[in-house]
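Asks: Chains as they are written, first to last, in the working numbering: chain A, 1 to 313; chain B, 1001 to 1285.
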Amino acid sequence: MSQAPHSLATRLGRLLLPNPILVASGTFGYAREMDGVINLSRLGGIVPKTVTMAPRVGNPPPRTVETSSGMLNAIGLDNDGLDHFLDHHLPYLRTVGCPIILNFAAKAEAEFPQMAQKASKVEGLSALELNLSCPNVAGGIDFATRPEACERAVRSCRDACPDLPILAKLTPAVTDIVAVAQAAAAGGADAVSLVNTFPGLVIDWKRRRPFLGNGVGGLSGPAIKPLALRCVWNVARACPGLPIVGIGGIGCIDDVMDYLVSGASAVQMGTVNFYDPCAAIRVIEALPEALATLGVATVAQAVGAACGWKPQG
Amino acid sequence: MTNACRPSFHGATVLSNTLIAERTWRVEIQVPELARISQPGQFFMVRLPGRTDPLLGRPFALCDVLPDQSGIAIVHMVVGRVTGLLANIQPGDPLEIWGPLGQRFPEPVAGARRVALVAGGIGQTPFLAHVRELLGSQGFGGHAPRRRVETVDFVYGARTANLHAGVDSFRDAGAIVHLATDDGSAGIHGRVTDVLSGLEKPDHVFGCGPEPMLHALAKQCVAMGIPCHLSLETPMACGLGICYSCVVKVRDDTSASGWDYRRVCIDGPTFAASDLVDFVSADRD
Ligand SMILES: Cc1cc2nc3c(=O)[nH]c(=O)nc-3n(C[C@H](O)[C@H](O)[C@H](O)COP(=O)(O)OP(=O)(O)OC[C@H]3O[C@@H](n4cnc5c(N)ncnc54)[C@H](O)[C@@H]3O)c2cc1C
Ligand SMILES: Cc1cc2nc3c(=O)[nH]c(=O)nc-3n(C[C@H](O)[C@H](O)[C@H](O)COP(=O)(O)O)c2cc1C
Ligand code: FES
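1) Is the shortest distance between the beta-carbon of Q1030(B) and the beta-carbons of chain A less than 7 Å?
2) So what does Q1030(B) bridge to, in DSSP terms?
3) So is the beta-carbon of I250(A) under 6 Å away from any non-hydrogen atom of ligand 2?
4) Can you list the residues of chain A that A1237(B) reaches, using a CB-CB cut of under 7 Å?
5) Is C161(A) close to chain B? Criterion is C-beta to C-beta, closer than 7 Å.
6) Against I21(A), what residues of chain B qualify as contacts under a CB-to-CB distance less than 9 Å, listed in chain order?
7) Taking its Cβ as the centre, do 16 or more other Cβ atoms sit within 10 Å of E129(A), making it buried, or is it exposed?
8) Counting Cβ pairs, one atom from each stretch, are 3 or more of them under 8 Å apart for the stretch 1107–1127 of chain B and the stretch 1154–1161 of chain B?
9) Tell me which same chain residues have a C-beta within less than 6 Å of the C-beta of D1252(B), skipping the five on either side of it?
10) Does the contact criterion of 3 or more C-beta pairs under 8 Å hold for the stretch 1239–1248 of chain B versus the stretch 1070–1083 of chain B?
11) Within the continuous beta strand (DSSP E) that includes Q268(A), where are the two ends?
12) Does the distance from the C-beta atom of L8(A) to that of V296(A) stay below 7 Å?
13) How long is the line joining the alpha carbons of A74(A) and K1201(B), rounded to whole angstroms?
14) Reducing DSSP to helix, strand and coil, say where A1008(B) ends up.
15) Would you call the stretch 178–192 of chain A and the stretch 161–169 of chain A in contact, with 3 or more CB pairs under 8 Å?
16) Between the alpha carbons of V23(A) and S1070(B), how many angstroms are there, rounded?
17) Does any CB atom of chain A fall closer than 7 Å to the CB of F1009(B)?
18) Kindly give me the distance between the Cβ atoms of G1120(B) and P1210(B), rounded to whole angstroms, as I take these residues to be in contact under 8 Å.
19) Rounded to whole angstroms, what is the Cα-Cα separation between V1205(B) and P1007(B)?
20) Would S41(A) and N103(A) qualify as a contact pair, given that the criterion is a beta-carbon distance under 7 Å?
21) Using the beta-carbon of each residue, which ones in chain A are nearer than 8 Å to D955(B)?
22) Does Q3(A) come within less than 7 Å of chain B when only Cβ atoms are used?
23) Let me check one thing: in DSSP terms, what residues is I1097(B) bridge-paired to?
24) Using the C-alpha atoms, what's the distance from F143(A) back to F1279(B)?
25) So, at 6 Å on beta carbons, what are the nonlocal neighbours of G1166(B) in its own chain, with the 5 sequence-adjacent residues on each side left out?
26) Given a limit of 8 Å on CB to CB distance, which residues of the stretch 21–35 of chain A reach chain B?
27) Going by C-alpha distance, which of P1106(B), P1054(B), R1114(B) and V1109(B) is nearest L1086(B)?
28) Between the alpha carbons of T271(A) and A280(A), how many angstroms are there, rounded?
29) What separation, rounded to the nearest whole angstrom, lies between the Cα atoms of A1175(B) and L1196(B)?
30) Would P1210(B) pass as an interface residue toward chain A - the criterion being a Cβ-Cβ separation below 7 Å?
31) I'd like to check one pair, G1141(B) with G1268(B): are the Cβ atoms closer than 7 Å?
32) Is the separation between the beta-carbon of P1106(B) and that of R1148(B) shorter than 7 Å?
33) On a CA-only basis, which of H1143(B), A1216(B), C1238(B) and G1084(B) is nearest T1024(B)? Give me that one, please.
34) Rounded to a whole number of angstroms, what is the C-alpha to C-alpha distance between D1275(B) and S1255(B)?
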């Protein structure tokens, strides 16, 4: 391998990452759980589980159920609140040695800038990711279904925390995700994270009730990859200057390359951490060779390599 | 309590797959790295490699460490997709396995002479290694064998006699075996709690099995003033503490409600019965 060490670096607006492989919010705990299981310092970044201003107990179990090549979850943002995160999780996360991206969700619009401002005052965060799209909390999805609400939420965070790059994480459950992504960009997002889980339902017909304690949930895993990839592709082709973090069903190096050439500048791996905890590291190791196969020297050269495609005829 | 050993992920090989009771299989897996460090009460996630359907691993208790430490044994009952597929695996087949997961069984209370292990159905699986450890016939996790108690009563309930699996292994390990069945086809015709009431009072009870049984056992032990620990089998997606799916309500005096959800995979799978608020509260069952 004659790759220069910097060839894996990638940029999301103001955020520079050592490599494009991140682990997704809600699928990696607060990272301490994985200390010693994998080498955390090699990751391109860690997005810890969503935090909210006030603690939340989360939804009653069962909280997850397997589906064909996927899973449905309704965890319900079980977390101990932002202050607890800053006091108990961030000190550890600062020592990990890879970029840490704080992911948070708000119950009401006014909470977004309040949380962003708190985050602006602490050391050790590389960026913020706004969870505008959690499907498992009442109202949680609204910020990413209405472009105006999305733009306002992003702008308020940008104003409250001008020094940290901001990623806006969107739901795929909209008619026109391009419009929401454009709104996020207009609000000052450095990048959009595409996508959160797809709303879904598993029903237990014999018991005449939904399987999950919450009723409906969010679908993730290999099953959603083509759906999520299409979101990335559409936004990449419509918004050429807007960096994208691709998320959905990524489990191996081919999945990563699919997202990069479709326009993602980085990816987050989620559900795969549950069933193949070493996958993220394996993918990072495989990346130089895959770039060489594509005939490029850097991640940046791979990003969007397929986006110029036009149907024939 | 924390485990010094962090979980690790392995591509492993099946050594044997044996039917030991109706729909119940003992699978021996070659994985010396885990054999050396796993302790009674801990568990593994096992996954069928090379496919995404079924997708997730499934949790199985450490049942036995092979005497030459070349591998571990799990015992499982066919209840669904993965266990159905596991029933057909052959020696030499690959499996993915990660562990050891969760906390080991706590030591019996100081001065305990008599311990009762109470199992319902396939909930028996964590107890074979536990008997070997308590009676000092085998050491685990690199520790020398040490006898902890004089007597281990193994109370084992099942729906019917054909489902009692590996009873002789428990006897051979030195436990006093007391069987119960719902239909009276083996042991006493009744429940494990009925058996327990008839025994000399144990100094410490450990239980594993279906939740209704654990609720009854928890209440019985609280009423009799016997320390009791229960090993839970909540559904799990990761076993590692990163998904938050396996939660159970655990007493928490700092919370306004008096409880908080805790992850069974890393805080458990064994909890003090008195901390499991839904198990000991009178308004349930
Ligand atoms: C710590 C721990 C240790 C364990 N140890 C053991 C052990 O040693 N031995 C053992 O046999 N078991 C053990 N279990 C239980 C074991 O993990 C489960 O039996 C196993 O996961 C079942 O997997 P499966 O794919 O065969 O079943 P699945 O197909 O996953 O089904 C499991 C159950 O859920 C129901 N279910 C699943 N999906 C749906 C749906 N969509 N709608 C309605 N119902 C549904 C099924 O009917 C079935 O009853 C343990 C569990 C834990 C948490
Ligand atoms: C169990 C579970 C919990 C999740 N929790 C969160 C969360 O707290 N915040 C968030 O932004 N996304 C959450 N997600 C969504 C993931 O971050 C990711 O967007 C989604 O799962 C798609 O990626 P995947 O197919 O690789 O899992 C969760 C997903 C799962 C499976
Ligand atoms: S099974 Fe994932 S947190 Fe316990």
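Quick reminder that beta carbons are idealized off the backbone N, C-alpha and C, glycines included.
Replies: Based on what the coordinates show:
1) As a working note, residue 1030(B) is residue 30 in the second sequence. Not an interface residue.
2) Locating residue 1030(B) in the second sequence gives position 30, where the first residue counts as 1. According to DSSP, which records beta bridges pairwise, Q1030(B) is partnered with T1013(B) and G1071(B).
3) To locate residue 250(A), count along the first sequence from 1; it is residue 250. Because some heavy atom of ligand 2 lies under 6 Å away, the Cβ of I250(A) counts as near it: yes.
4) Within the second sequence, residue 1237(B) is the residue found at index 237, counting from 1. Residues of chain A passing the Cβ test: T64, M71 and F274.
5) Taking the first sequence and counting its residues from 1, one reaches residue 161(A) at position 161. At a cut-off of 7 Å between C-beta atoms, C161(A) does not count as an interface residue with respect to chain B.
6) Residue numbering aside, residue 21(A) sits at position 21 when the first sequence is read from its first letter. Proximity of chain B to I21(A) at the Cβ level (cut-off 9 Å) is not reached, the minimal Cβ distance being about 16 Å.
7) Residue numbering aside, residue 129(A) sits at position 129 when the first sequence is read from its first letter. So E129(A) counts as buried.
8) yes
9) Along the second sequence, one-based indexing puts residue 1252(B) at 252. Counting only Cβ-Cβ distances below 6 Å, and skipping sequence neighbours, we find W1259 and D1260.
10) In short, these stretches do not touch, since the Cβ pair count stays below three.
11) The residue you call residue 268(A) lines up with position 268 of the first sequence. A266 to M269 is the span of the beta strand (DSSP E), which, as asked, contains Q268(A).
12) Here residue 8(A) corresponds to residue number 8 of the first sequence, with the count starting at 1. Here residue 296(A) corresponds to residue number 296 of the first sequence, with the count starting at 1. No, these two residues do not count as a Cβ contact at 7 Å.
13) Numbered from 1 along the first sequence, position 74 holds the residue referred to as residue 74(A). Numbered from 1 along the second sequence, position 201 holds the residue referred to as residue 1201(B). Each residue's Cα considered, the two are about 43 Å apart.
14) Taking the second sequence and counting its residues from 1, the one referred to as residue 1008(B) is at position 8. Per the sequence shown, the amino acid found at residue 1008(B) is Ser instead of Ala. Strand.
15) These segments touch.
16) As a working mapping, residue 23(A) is identified with position 23 in the first sequence. As a working mapping, residue 1070(B) is identified with position 70 in the second sequence. If you draw a straight line from the Cα of V23(A) to the Cα of S1070(B), it is about 34 Å long.
17) If you number the second sequence from 1, residue 1009(B) lands on position 9. So, interface residue.
18) Locating residue 1120(B) in the second sequence gives position 120, where the first residue counts as 1. Locating residue 1210(B) in the second sequence gives position 210, where the first residue counts as 1. With 8 Å as the limit, G1120(B) and P1210(B) qualify as a contact, their Cβ atoms being about 5 Å apart.
19) Along the second sequence, one-based indexing puts residue 1205(B) at 205. Along the second sequence, one-based indexing puts residue 1007(B) at 7. C-alpha separation (whole angstroms): 28 Å.
20) Residue numbering aside, residue 41(A) sits at position 41 when the first sequence is read from its first letter. Residue numbering aside, residue 103(A) sits at position 103 when the first sequence is read from its first letter. Contact: no.
21) The requested residue 955(B) does not occur in the structure, where chain B is confined to residues 1001 to 1285.
22) Taking the first residue of the first sequence as 1, we reach residue 3(A) at position 3. Residue confidence for Q3(A) is low, a pLDDT of 45 falling below 50, so the modelled location carries little weight and cannot support an answer.
23) By 1-based counting over the second sequence, the position of residue 1097(B) is 97. Paired residues: H1010(B) and V1046(B).
24) Stepping through the second sequence from its first residue, residue 1279(B) is reached at position 279. Stepping through the first sequence from its first residue, residue 143(A) is reached at position 143. One alpha carbon belongs to F1279(B), the other to F143(A), and they sit about 40 Å apart.
25) Start at 1 with the first residue of the second sequence, and residue 1166(B) comes out as number 166. The residues are I1020.
26) G26, T27, F28, G29, E33, M34 and D35
27) Here residue 1086(B) refers to the residue found at position 86 of the second sequence. Selection P1106(B), P1054(B), R1114(B) and V1109(B) evaluated against L1086(B) yields P1054(B) as nearest (Cα-Cα).
28) Locating residue 271(A) in the first sequence gives position 271, where the first residue counts as 1. Locating residue 280(A) in the first sequence gives position 280, where the first residue counts as 1. Whole-angstrom Cα-Cα distance: 11 Å.
29) One-based indexing of the second sequence puts residue 1175(B) at position 175. One-based indexing of the second sequence puts residue 1196(B) at position 196. Their backbone Cα atoms lie some 15 Å apart in a straight line.
30) The residue given as residue 1210(B) occupies position 210 in the second sequence. By this cut-off, P1210(B) is not an interface position.
31) Here residue 1268(B) corresponds to residue number 268 of the second sequence, with the count starting at 1. Here residue 1141(B) corresponds to residue number 141 of the second sequence, with the count starting at 1. It is not a contact, given that the beta carbons lie outside the stated cut-off.
32) As a first step, residue 1106(B) is located in the second sequence; it is residue number 106 there, counting from the start. As a first step, residue 1148(B) is located in the second sequence; it is residue number 148 there, counting from the start. Not closer than 7 Å, so no.
33) Here residue 1024(B) is taken as the residue at index 24 of the second sequence, counted from 1. Of H1143(B), A1216(B), C1238(B) and G1084(B), the smallest CA-CA separation from T1024(B) is found for G1084(B).
34) Position 275 of the second sequence, counted from the first residue, corresponds to residue 1275(B). Position 255 of the second sequence, counted from the first residue, corresponds to residue 1255(B). If I take the Cα positions, the gap works out to 14 Å.
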